[in-house]
Amino acid sequence: YLLKGAFHPRQQLMPKLDKMDYITVTCAKCLGPMCWLCGLVPEEGGLSSRHRCADVRTELASYDYCSRCYEGGYSRGGFEQTFVGQSSAVDHRVYLVGSWSAWT
Numbered sequence: 010y011l012l013k014g015a016f017h018p019r020q021q022l023m024p025k026l027d028k029m030d031y032i033t034v035t036c037a038k039c040l041g042p043m044c045w046l047c048g049l050v051p052e053e054g055g056l057s058s059r060h061r062c063a064d065v066r067t068e069l070a071s072y073d074y075c076s077r078c079y080e081g082g083y084s085r086g087g088f089e090q091t092f093v094g095q096s097s098a099v100d101h102r103v104y105l106v107g108s109w110s111a112w113t
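Our numbering applies: residue 10 is where the sequence shown begins, and numbers increase by one.
Okay, here's the thing in structure tokens:
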């Protein structure tokens with residue numbers, strides 16, 4: 010059992026996840042960096058803030074490939090999320106259709 014206040018060599022190997030902005034692993038296809046959970050490719054120069062996974066791939070999809078190499082579908086997030094916060098999104102038009110007066 011563990012003694013309170015005692016030094017244990019294993020404690021040095023455990024990273025403090027709450028102190029990290031993101032963790033990357035290598036993509037099996039392009040060998041580039043990607044988030045270890047959702048497969049998102051970090052922005053050039055690193056992420057400007059702490060990464061929160063939002064992309065969920067379709068059921069039974071693999072997370073071995075990064076978001077650039079992955080060709081399957083997403084059940085949440087995905088391709089649309091890549092436009093958020095990028096300067097290339099300025100050239101795109103957005104159209105909204107719906108009824109805002111039919112609140113029930």
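Glycine residues also receive a C-beta, built at the ideal position from the N, C-alpha and C atoms. Note that the structure is predicted; figures quoted are calculated from it, not measured.
Continuous beta strand (DSSP E) stretch holding residue i: start and end
i: V34; result: T33 to T35
i: P51; result: Premise fails: P51 is in no beta strand (DSSP E) and is neither H nor E.
i: R85; result: Y83 to R85
i: C44; result: P42 to C44
Best match in the options for proximity to residue i [C-alpha to C-alpha]
i: D30; options: H60, Y74 and T67; result: H60
i: L69; options: K25, C62 and G81; result: G81
i: T67; options: S58, G86 and E53; result: G86
i: K28; options: V106, S58 and L105; result: S58
CB-CB length for residue i against residue j, believed under 8 Å
i: S76; j: V50; result: 5 Å
Sub-8 Å separation of residue i and residue j beta-carbons
i: V103; j: S84; result: no
i: Y74; j: G41; result: no
i: C78; j: C39; result: yes
i: C62; j: L46; result: yes
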